[in-house]
Structures are given as structure tokens and as C-alpha cells.
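Quick note: the sequence shown uses the working numbering, first residue 33, plus one each step. To start, the structure under review is shown below, and the notes come after it.
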Amino acid sequence: MFDALQEELKELRAQGLYRSCRRVEAIEGARIRIDGRWLIHLASNNYLGLSQHPRVVAAAQEAIQRYGAGTGSARLISGTFSIHEELEERLARFKQAQSALVFPTGYMANLGIIQALVGPGDLVIGDHLNHASLVDASRLSRAAFRVYPHRDLDRLESALKHRAGRYRRVLIVTEGVFSMDGDLAPLPGIAELTRRYNAWLLIDDAHATGVFGAQGRGTLEHFGIPPEGQSPFEGILQMGTLSKALGSQGGYLAGPRVVVDYLRNKARSFIYTTALAPASAAAALEALNLIEEEPVLRAGLWNNVREWVSALDEMGCDLISRASPIVPIRIGSSEEAVALAQRLFEAGIYAPAIRPPTVPAGSARIRTSLTALHTQADSKSAIFSFKNSLESEKIGLFPVKAYDDFH
Ligand SMILES: Cc1ncc(COP(=O)(O)O)c(C=O)c1O
């Protein structure tokens with residue numbers, strides 16, 4: 033009965049595209065235990081290490097004590113607790129927006145926002161490398177959907193010029209920092225086109241919030257694009273996730289009050305699901321406090337990024353970008369990327385291969401990401417093992433030795 037599925041799985045295996053979950057047994061600082069071995073973790077989006085911060089953990093525990101483990105209801109029934117409203121107010125302030133709305137995940141935020149704001153008769157134009165949640169949301173919205181080549185302002189403009197007039201509403205969608213490439217969208221140019229063509233712009237700042245900008249507010253702050261109310265760009269909406277630099281779980285939209293009010297009434301992934309767990313809301317709230325109070329976390333992260341990029345450059349790695357804590361190394365073939373990831377694993381490093389369909393065909397890569405938790409010793413060890421693995425993978429002459437075998 034399920035033979036066709038077996039066949040497809042066999043085919044995926046043959047192409048080096050089969051996926052399975054690695055079971056993580058424990059996490060401590062920038063180390064991760066898999067199969068009983070402690071590895072240096074180069075695959076986390078917990079950029080500031082806040083998921084493990086004692087204040088964040090304590091806030092989550094207190095919320096469980098006060099409200100229980102779950103909310104027991106959707107937000108519009110009885111699932112809106114004071115912690116949700118506190119978090120929404122705090123997010124709005126942090127993002128310098130009038131208002132904010134929290135969803136159970138970032139994926140659901142994108143689904144709900146885009147499906148509510150556009151539909152038949154509207155147009156979504158998105159960057160070719162946008163995250164799957166943005167692509168799925170754009171398709172499910174039933175609006176017309178076009179993509180422009182990655183970061184290509186000329187092609188975005190020509191799409192707007194030829195199409196914008198034909199639709200009721202035009203929504204441009206881009207990631208602020210691209211999750212698999214680590215580069216930044218050219219936001220000043222996109223914002224200018226948004227204004228010129230009277231469009232709306234949704235920025236997915238999942239990987240920028242807490243990381244970019246003098247106060248960690250994200251890519252708008254990084255590029256010096258003024259916040260809501262002071263900006264000539266009226267149509268800008270920011271979404272993000274609580275699950276990366278904020279170390280928790282959940283997603284949000286920050287924007288004008290009317291948009292938030294509209295989404296509360298229309299976004300199906302907000303309405304028809306159980307409200308975010310109180311522990312997650314409280315953890316994210318405390319993480320925002322820490323981002324504001326401890327800029328040293330962000331400074332430490334960026335030091336680690338600089339050191340890592342220059343070490344990989346010295347090794348002659350083909351880096352896809354050097355602009356963010358996401359530092360992907362271009363490999364090309366899925367099989368080679370998987371083989372190198374396995375070498376790295378044996379050498380004590382966790383940095384998985386990213387393959388199609390997550391990235392375009394022929395662009396498999398090892399995606400490394402840095403956090404504020406990586407110590408000098410972690411970096412030294414990671415650089416050593418990386419060098420060793422790259423060499424042995426290239427010439428295949430000697431087995432990989434773990435750093436600890438040498439020291
Ligand atoms: C750019 C981007 N948007 C949205 C999401 C979805 O966020 P969440 O994990 O909170 O569902 C992710 C990652 O998971 C992402 O990388």
C-alpha cells in the first residue's frame with residue numbers, strides 16, 4: 033500500500049537528499065551531546081545563548097508556576113494571559129512599532145500575516161531565496177505570486193513597474209538576514225521602491241532581531257531606516273521569531289495598530305490554535321530585557337563571528353557570505369556536503385549539510401552559525417578540527433583526528 037512512498041524515500045537516499053533527525057541528548061554552553069559525544073555546536077540559531085541564560089530559565093519557571101504549562105485555549109477564547117499582553121507591548125516598544133501580535137511560531141506568523149493581508153486580486157513579490165514559510169504563505173494566500181532574483185533591486189523594480197498597477201494591493205516580502213545564506217536584503221532600496229510604488233513591505237527579521245542594529249532591534253535599525261511614525265515608508269511591517277536570538281519559541285508581527293487589530297480578527301493561524309505557552313512568552317520577555325541590558329552579549333557574538341570568518345578565509349573556504357553569524361561554506365554537491373558534515377562530526381563538530389530543497393539545486397553547503405556562547409577554546413578547537421576535516425576530505429589520505437586526540 034505504501035510502496036510508492038518507499039520508492040521515493042529510496043530515491044532520496046540515492047541522491048543524498050534523505051533527511052533524518054539527530055537526537056540531541058544534552059546542551060551545555062556551545063557544546064551539544066549526540067550519540068554520547070560532546071561536540072562543538074555550530075548549528076544553533078540561539079545567537080546570544082539566551083535559551084540557557086539563568087534569568088530566562090527562571091522567568092519560564094515562574095510563568096509555569098503562575099499560569100501552568102499550557103494555556104488551554106485559543107487567544108480569542110480564554111488563552112490571552114497577562115504575560116502575552118506584556119510581551120506584545122514589550123515587542124512593540126523594542127521594534128519601535130505601534131503594536132505587536134504574538135503567534136505560536138514564526139512559521140505560523142508568516143502564514144497568518146500574509147494570508148490575512150493579501151488574497152485574490154493582490155500581488156506578492158518575494159526574493160527568490162525567501163524562507164519556506166514565506167513561500168508557503170504566499171502560495172496559500174491565493175494572491176498572484178512572483179519572485180525576483182536574490183537581492184536584485186533592478187528586477188524587483190521591473191516587476192513592480194510592469195505589474196503593480198494591475199492589482200489592488202502589492203506586498204513585497206523579504207528576509208532581513210537570509211537564513212541559509214547569511215547575507216542581508218538591500219533594505220534601503222527595497223523600502224524606497226515600496227514607497228514609490230505604493231506597496232507594502234513585510235520584513236522577516238527572524239535572524240536579525242537581537243543581532244543587528246546598535247540596540248539589537250534588527251535590520252531597520254542596522255540600515256538606519258527610521259521607525260514607524262517617523263518614517264516616510266508607511267507600509268513597512270516587521271515579523272520575527274522568538275525562537276532564535278530570543279532563545280524561546282513563538283513568532284510575532286510588529287506594525288501599525290490597525291494592522292495588528294486586523295490580524296487579530298483575520299489571521300487564521302492566530303485565531304484557530306492554542307495560545308503560546310506561558311513559559312515561552314515569559315522567556316522571550318526576559319530575553320528582551322537582557323538584550324537591552326547586556327549589549328556585551330551582542331559584542332561577544334560579533335567577536336566570535338569575525339574570528340571564525342577570518343579563520344575560514346585563511347583555510348581558503350568558499351564562503352557564501354561574511355555578513356552575519358550565519359557563515360555558510362559552499363560545497364555544491366549534496367553527497368560531498370554530507371560527506372564533509374560526517375567528517376566534521378567525527379572530528380567533534382556539529383555543522384550539518386544543507387541540501388535541496390532547502391537551498392537551490394547544486395548549492396549544497398555546510399551552514400555554520402556562531403553564538404555568544406562560543407569560548408576562545410571552542411573557537412580554537414573548531415578551527416583546528418575544521419582544517420583537519422577539509423584537508424582529509426580533499427585528499428582522503430588520513431583519518432580525521434579529534435582535537436582532543438592532539439591535546
Ligand atoms: C527566515 C525565517 N522565517 C521564519 C522562520 C520560522 O520561525 P519559527 O522557527 O519560529 O517557526 C524561520 C526559522 O525557523 C526562519 O529562518
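The beta carbon of each residue, even a glycine, is placed where N, CA and C say it ideally should be.
If we call anything under 8 Å between Cβ atoms a contact, is residue 295 one with residue 122?
Residue 295 sits at position 263 when you count from the first residue of the sequence shown. Residue 122 sits at position 90 when you count from the first residue of the sequence shown. Pairing residue 295 with residue 122 gives a Cβ-Cβ distance that is not under 8 Å.
Out of 112, 105, 75, 133, state which residue places its alpha-carbon closest to the alpha-carbon of residue 286.
Taking the first residue of the sequence shown as position 1, residue 286 is located at position 254. The option with the nearest alpha carbon to residue 286 is 133.
Cβ of residue 294 within 7 Å of any heavy atom in ligand 1?
Translated into positions along the sequence shown, residue 294 becomes position 262. Between ligand 1 and the CB of residue 294, the shortest heavy atom gap is not smaller than 7 Å.
Hey, is residue 32 close to ligand 1, as in C-beta under 7 Å from one of its heavy atoms?
No statement about residue 32 is possible, as the shown extent of the chain runs from 33 to 439 and does not include it.
Under the rule that 16 or more other beta-carbon atoms within 10 Å means buried, what is residue 136, buried or exposed?
One-based indexing of the sequence shown puts residue 136 at position 104. The residue is buried, with at least 16 neighbouring Cβ atoms inside 10 Å.
Can you tell me where the alpha helix (DSSP H) holding residue 44 begins and where it ends?
Taking the first residue of the sequence shown as 1, we reach residue 44 at position 12. Note, residue 44: alpha helix (DSSP H), 35–46.
In its own chain, which residues sit with a C-beta less than 8 Å from the C-beta of residue 341, not counting the 5 before and 5 after it?
Translated into the one-based positions of the sequence shown, residue 341 becomes position 309. 351, 354, 359.
In whole angstroms, what is the alpha-carbon distance linking residue 71 and residue 64?
Residue 71 sits at position 39 when you count from the first residue of the sequence shown. Residue 64 sits at position 32 when you count from the first residue of the sequence shown. So the alpha carbons of these two residues sit roughly 5 Å apart.
In chain order, what residues of the same chain lie with their CB nearer than 7 Å to the CB of residue 162, ignoring the 5 residues before and after it?
For the purposes of this step, residue 162 is taken as the residue at position 130 of the sequence shown. Only 205, 206, 207 meet the Cβ criterion.
What is the DSSP secondary structure of residue 406, counted as helix, strand or coil?
The count along the sequence shown starts at 1 and reaches residue 406 at position 374. Three-state result, residue 406: coil.
Do you know how far the Cα of residue 186 is from the Cα of residue 248?
One-based indexing of the sequence shown puts residue 248 at position 216. One-based indexing of the sequence shown puts residue 186 at position 154. Distance between the alpha carbons of residue 248 and residue 186 is about 29 Å.
In this structure, does DSSP put residue 2 in helix, strand or coil?
Given that the chain is displayed from residue 33 to residue 439, the structure contains no residue 2 and the question cannot be resolved.
Can you give the Cα-Cα distance for residue 158 and residue 128, rounded to whole angstroms?
Mapped onto the sequence shown, residue 158 falls at position 126. Mapped onto the sequence shown, residue 128 falls at position 96. Each residue's alpha carbon lies about 24 Å from the other.
Exposed unless 16 or more other CB atoms sit within 10 angstroms - verdict on residue 310:
Translated into positions along the sequence shown, residue 310 becomes position 278. Label assigned to residue 310: buried.
Is the beta carbon of residue 182 within less than 7 Å of some heavy atom of ligand 1?
Reading the sequence shown from its first residue, position 150 is the one you call residue 182. Answer for residue 182: no, Cβ out of range of ligand 1.
Measure how close the beta-carbons of residue 82 and residue 279 come, nearest whole angstrom, since I'm counting them as under 8 Å.
The count along the sequence shown starts at 1 and reaches residue 82 at position 50. The count along the sequence shown starts at 1 and reaches residue 279 at position 247. Confirmed, about 3 Å.
Length of the line joining the Cα atoms of residue 76 and residue 140
Your numbering for residue 76 matches position 44 in the sequence shown. Your numbering for residue 140 matches position 108 in the sequence shown. If I take the Cα positions, the gap works out to 21 Å.
Cα-Cα, which of 184, 198, 111, 402 is closest to residue 218?
Taking the first residue of the sequence shown as position 1, residue 218 is located at position 186. Comparing alpha carbon positions, the residue from 184, 198, 111, 402 closest to residue 218 is 184.
Tell me, to the nearest whole angstrom, how far the beta carbon of residue 312 is from that of residue 274; I am working on the premise that it is less than 8 Å.
Here the question's residue 312 lines up with position 280 in the sequence shown. Here the question's residue 274 lines up with position 242 in the sequence shown. Rounded, the Cβ-Cβ distance is 7 Å, consistent with contact.
Tell me whether residue 297, by its Cβ, gets closer than 7 Å to a heavy atom of ligand 1.
For the purposes of this step, residue 297 is taken as residue 265 along the sequence shown, with counting starting at 1. The beta carbon of residue 297 sits no closer than 7 Å to any heavy atom of ligand 1.
Please confirm whether any heavy atom of ligand 1 lies closer than 7 Å to the CB of residue 206.
As a first step, residue 206 is located in the sequence shown; it is residue number 174 there, counting from the start. For ligand 1, not one heavy atom lies less than 7 Å from the Cβ of residue 206.
Since residue 60 sits in a beta bridge, which residues does DSSP pair it with?
Within the sequence shown, the letter at position 28 stands for residue 60. For residue 60, DSSP records a beta bridge to 63.
Whose C-beta lies closer than 8 Å to the C-beta of residue 337 among residues of the same chain, with five residues either side of it excluded?
Against the sequence shown, residue 337 aligns to sequence position 305. Within its own chain, the residues whose Cβ lies closer than 8 Å to the Cβ of residue 337, once the five positions on either side in sequence are excluded, are 356, 357, 359, 402, listed in chain order.
Which residue or residues does DSSP assign as beta-bridge partners of residue 285?
If you number the sequence shown from 1, residue 285 lands on position 253. Partner(s): 133, 271.
Which residues DSSP lists as bridging residue 333, in chain order:
The sequence position of residue 333 within the sequence shown is 301, counting from 1. DSSP lists no beta-bridge partner residue for residue 333.
What do you reckon, are the CB atoms on residue 154 and residue 200 nearer than 8 Å?
Within the sequence shown, the letter at position 122 stands for residue 154. Within the sequence shown, the letter at position 168 stands for residue 200. Contact flag set, yes.
For residue 52, the three-state DSSP class (helix, strand or coil):
In the sequence shown, the residue the question calls residue 52 occupies position 20. Here residue 52 sits in coil by DSSP.
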